[in-house]
Amino acid sequence: MIKSEEQEILPGSSRRDFLKKSIALSAIAVIPAAIETSAKTRSDEKFAYQFEQLPLRLEINGKMHNLKVDPRLTLLDLLREELHLTGTKKGCDHGQCGACTVHVNGNRINSCLTFAVMQSGNKITTIEGLANGEELHPMQKAFIKHDGFQCGYCTPGQIMSAVACVNEGHTQNDEQIQEFMSGNLCRCGAYNGIVNAIKEVAK
Amino acid sequence: MKPFTFSRPADIKSAQQLYKKNEASQFIAGGTNLLDLMKKEITMPANLVDINSLSLKEITTGDAGIFIGSLALNSVVAAHPDIIKNYPLVAKALLAGASAQIRNMATIGGNILQRTRCPYFYDVALPCNKRKPGAGCGALEGFNRTSAIFGASENCVAVHPSDLCIALAALDAKVFVQTDGKESIIPFKDFHRLPGNTPDKDNNLIKGSLVTKIYIPKNNFNIHSHYLKIRDRSSYAFALVSVAAGLHIERGVIRSAVIAAGGVAHKPWRLYETEKFLTGKTASAEIFKKAAVIAIKDARPLEYNKFKTTMLEKGLQLALKNAMA
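Those protein sequence lines, which keep their order, are chains V and Y.
Reading the first sequence from the start, the letters are residues 2 to 204 in this note's numbering.
Reading the second sequence from the start, the letters are residues 346 to 670 in this note's numbering.
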């Protein structure tokens, strides 16, 4: 896929790089050399201990990954921090907001509430894997058409959840959509647009 | 998060052997509660045994009842045809809990073992006897809006958060447990504990034991049952008060009744006296009102949760009315 190739050549946006560099630099002032290295290699949480790294094989957006991970790494942190698939968002990190929603073997889950090592052998789909090349997924198009977002932070989770909601058949009426989308919070309050987008795709 | 060793055994025997390797071991299945507790360092296992490869997902239906494997997902059980047809109270309670995402992760075994959502348990800066025995109970004299109105002690006023458990308590489910190759069966009413002097113990499960399945006996409450959940928002919140009610009606007369309340005690709260009062009576709004008065007779609310008593009194009537519909 073109997108993942682009990501490998240009890792992350400049804003993210700037943040990482400044975090690493501020760490240098007070923390020993070993930690400085781990900050630079983006393994911020690992410096305090010598960890057992566990092998992990899983498929993400159709691509097989053979990895070695700290058992404490959540699936969300694996996606964002290790694989730089930053479309999946970290909101509350406690399963209360739904911003981290991804599909595992076709079912929606909160990626913040599972350890990556527990997902061995599974097929993960993130928001990056939804579009068909440059052609957006119908749910992505519907969110744009119906103004299903304002700031956009919850949107990847909303869309992943919405796609699953339609696949599950929980779209009989507004009330059912609202009930089965209640695990995704939108602080901008774009709920009406989200429900309308789901209704259109469910038709 | 504290570091831990991780393993994923293929059978119960190896799982229990791996568990014994460390004093601070913990089984993990869905992880929807445990990850929260580990991130907040309320639970700090040094050894995590992932039981998701064990063959405990099966749901077996029979004439006498239904067996639900402890690793069956909440979403799968809620959508199971036999559950919907013969045990609708279970499906209703499951769908009233959590979100679609969490129900796709959370297991039945994990559901009954989930820990309280008392804010004093979750905030490590505040005292809590359940989290740290001897530390004191912050909720007793504190902001106890969500606390228990039945069966609490001076050591703990926390409530059990599960919806499913309220339905399982009403339907006299049984918990199948495996300990070192031996199977034992615990009636649901004896599975969870009241806090007493040991609020750190939520249930009577022996350390290292595994819940393998839940059994629900066939019953006559499938026609007239209701799970009513009252909470701070209309979806995705823990119950302030909930009521699981099942009535067996013949020609307008209540042959038998089962009622359990949630959000009101440290364990699912069966209302046996109310059930007894209803038995043999003709179902009516007036009878339900009298039954509700009996239900709240023993309530001992704290400073900020007095509303729960009224909520249970009204909620019970509504649940019974809806069960009749």
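Think of the CB as a built atom: it goes at the ideal place given N, C-alpha and C, for glycine as much as any other residue.
Using CA atoms only, rank isn't needed, just tell me which of Y/434, Y/559, Y/511 is closest to residue 530 of chain Y.
That would be Y/559, whose Cα lies nearest to the Cα of residue 530 of chain Y.
Can you grab the Cα-Cα spacing for the pair residue 42 of chain V / residue 581 of chain Y, in whole Å?
Reliability of the predicted coordinates at residue 42 of chain V is poor, the pLDDT of 48 falling under 50, and the value obtained from them is presented with this limitation in mind. Cα-Cα distance, rounded: 38 Å.
Where does residue 119 of chain V sit, in a helix, a strand or coil, going by DSSP?
The answer is helix: DSSP assigns residue 119 of chain V an H, G or I state.
How should residue 504 of chain Y be labelled, buried or exposed, when 16 other C-beta atoms within 10 angstroms of its C-beta is the threshold for buried?
Looking at its Cβ environment, which holds 16 or more other Cβ atoms inside 10 Å, residue 504 of chain Y is buried.
For residue 59 of chain V versus residue 121 of chain V, is the C-beta spacing smaller than 8 Å?
Closer than 8 Å, so yes.
Does the separation of the CB atoms of residue 75 of chain V and residue 116 of chain V fall below 8 Å?
A contact, by the Cβ cut-off of 8 Å.
Given residue 363 of chain Y, which residues of its chain have a CB within under 8 Å of its CB, disregarding the five upstream and five downstream residues?
Excluding positions up to five away in sequence, the list reads 352, 354, 370, 392, 394.
Under a CB-based cut-off of 8 Å, is residue 35 of chain V close to chain Y?
In this prediction, residue 35 of chain V has a pLDDT of 45, which is less than 50 and means its spatial position is unreliable; what the coordinates show is noted afterwards. Not closer than 8 Å to any Cβ of chain Y, the Cβ of residue 35 of chain V fails to qualify, so no.
Do you know offhand how far residue 594 of chain Y's Cα is from residue 564 of chain Y's?
Taking the straight line from one Cα to the other gives about 12 Å.
Please classify residue 708 of chain Y as buried or exposed, where buried requires at least 16 neighbouring CB atoms within 10 angstroms.
In the structure as shown, chain Y starts at 346 and stops at 670, and residue 708 of chain Y therefore has no counterpart that could be examined.
Chain V partners of residue 351 of chain Y, CB-CB under 7 Å?
Per Cβ cutoff of 7 Å: 55, 72, 118.
Which residue spans inside the stretch 59–116 of chain V form an unbroken alpha helix (DSSP H) run of at least 4?
Runs of the alpha helix (DSSP H) inside the stretch 59–116 of chain V: none found.
Is residue 26 of chain V helix, strand or coil when you go by DSSP?
Only weak support exists for where residue 26 of chain V lies, its pLDDT of 48 falling under 50; the coordinates are left without a value.
Would you call residue 461 of chain Y buried or exposed, if buried means 16 or more other Cβ atoms sit within 10 Å of its Cβ?
Buried, by the Cβ-count rule.
Could you have a look at residue 624 of chain Y and say whether DSSP puts it in helix, strand or coil?
Of the three classes helix, strand and coil, the one that applies to residue 624 of chain Y here is coil, per DSSP.
For residue 523 of chain Y, list the residues DSSP reports as bridge partners.
For residue 523 of chain Y, which the question treats as bridged, DSSP gives the partners Y/528, Y/555.
With a threshold of 8 Å, are at least 3 pairs of Cβ atoms found where one atom belongs to the stretch 440–457 of chain Y and the other to the stretch 595–605 of chain Y?
Taking 8 Å as the limit for Cβ pairs, the verdict is that the stretch 595–605 of chain Y does not touch the stretch 440–457 of chain Y.
By the 7 Å beta-carbon criterion, what residues does the stretch 456–473 of chain Y contribute toward chain V?
Listed by position, the residues of the stretch 456–473 of chain Y near chain V (Cβ gap below 7 Å) amount to none.
Could you list the residues in the stretch 96–113 of chain V with a C-beta less than 7 Å from some C-beta on chain Y, going in chain order?
Of all residues in the stretch 96–113 of chain V, 96, 99, 102, 108, 109, 110, 111 have a Cβ within less than 7 Å of some Cβ in chain Y.
Can you pull the chain Y neighbours of residue 180 of chain V, defined as C-beta to C-beta under 7 Å?
Chain Y residues near residue 180 of chain V: 580.
If I'm right that residue 619 of chain Y touches residue 632 of chain Y with Cβ under 8 Å, what's the distance once you round it to whole angstroms?
Not confirmed; about 11 Å, so no contact.
With burial defined as no fewer than 16 other Cβ atoms inside 10 Å of the residue's Cβ, what is the status of residue 126 of chain V: buried or exposed?
When all chains shown are included, residue 126 of chain V counts as buried.
Using a cut-off of 7 Å between C-beta atoms, extract the partners of residue 447 of chain Y located in chain V.
Under the 7 Å cutoff, chain V gives 96, 111, 184.
Using a Cβ cut-off of 9 Å, pull out every chain Y residue sitting near residue 115 of chain V, in sequence order please.
Under the 9 Å cutoff, chain Y gives 375, 376, 377, 380, 450.
Considering only the beta carbon of each residue, do residue 114 of chain V and residue 376 of chain Y sit closer than 8 Å?
Cβ distance < 8 Å, so residue 114 of chain V and residue 376 of chain Y count as in contact.
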